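Each residue of the sequence shown is one higher than the one before, starting from 0 at the first, in numbering that gives the first Met the number 0.
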Amino acid sequence: MPVINMTATGSNIKTLIKAKGFKVTELQNILGFNTPQSIFKWMRGESIPSIDNLVILAHILNVTIDEIIILN
Numbered sequence: 000m001p002v003i004n005m006t007a008t009g010s011n012i013k014t015l016i017k018a019k020g021f022k023v024t025e026l027q028n029i030l031g032f033n034t035p036q037s038i039f040k041w042m043r044g045e046s047i048p049s050i051d052n053l054v055i056l057a058h059i060l061n062v063t064i065d066e067i068i069i070l071n
């Protein structure tokens, strides 16, 4: 069964955000978060975005959800 590699997915999110030229504070505002902590947790691989946030993130970064998530 496929399993999400949290660390690799977090690193991938960080790379995609940087490659598209976004700042964490910009994503925080787009996603409607009060603080950027959730985004930093995603980038460290401590958590992954909810399905809703994955859809928004994929749209913002102009990639598919499959291009965000890294499986073992």
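Each residue gets a CB set at the ideal place from its N, CA and C atoms; glycine is no exception.
Just so it is clear, the structure is predicted and the values come from calculations on it, not from any experiment.
DSSP state of residue i mapped onto helix, strand, coil
i   : result
I69 : coil
V54 : helix
N11 : helix
I47 : coil
F21 : coil
Top-ranked residue by Cα proximity to residue i, from the options
i   : options               : result
I50 : I68, M42 and G20      : I68
A57 : S46, L15, K40 and I38 : L15
A18 : S46, I59 and Q36      : I59
V62 : F39, E25 and N11      : N11
Strand pairing of residue i, partner residues [DSSP]
i  : result
I3 : L70
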